[in-house]
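The sequence shown begins at 58 in this note's numbering and counts up one residue at a time. Beta carbons: idealized from backbone N, C-alpha and C, even for Gly. This report concerns only the one structure given below.
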Amino acid sequence: EQAKKLASGEAELAQLDAKREADRKEWFNYSMDTGDFKNCYVYAISEEEEAAVKAAEEAYPEKCRVEWLTFYLAESDWKHARDLCVTEAEYADVDAKQAAQRKANIAAAKEAGDFKKA
């Protein structure tokens with residue numbers, strides 16, 4: 058009887074430990090995904106996790122730059138997009154997308170009969 062209670066208690070503790078570890082990993086991953094690196098270090102428990110946090114922290118500014126560049130391109134905000142370019146390919150991409158939009162705008166104006174805009 059005592060052995061059953063002891064085994065049951067150990068199983069509950071193992072289950073609780075597994076739940077705590079799953080929760081820790083979930084918070085660790087959430088903190089990484091949101092760029093909350095201070096919390097990442099709190100949840101990191103191994104050298105590998107700490108190294109992953111450091112690498113993500115170092116890469117974060119570039120990740121944000123690319124996300125903002127993508128956003129400004131989608132919004133056709135060419136000035137802000139160009140401000141974020143760092144490679145010739147990025148400048149060329151912005152120029153090509155701007156030219157394509159200009160061409161589409163001219164075609165739409167012509168089709169609408171608004172020759173002042175065309």
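For Ile102, there is no enclosing alpha helix (DSSP H), since its DSSP letter is neither H nor E.
Rounded to the nearest whole angstrom, the C-alpha separation of Gly92 and Gly170 is 50 Å.
Within a 10 Å sphere around the beta-carbon of Tyr100 sit 16 or more other beta-carbons, which makes this residue buried. In this structure, Tyr148 keeps its C-beta atom at 8 Å or more from the C-beta atom of Arg159. Under the three-state reduction of DSSP, Glu69 is assigned to helix. In chain order, Ser88, Val110, Ala113, Glu114 and Tyr117 place their CB closer than 8 Å to the CB of Phe94, counting only its own chain and leaving out the 5 sequence neighbours on each side. Distance between Glu83 and Arg77, taken at the CA atoms: about 10 Å.
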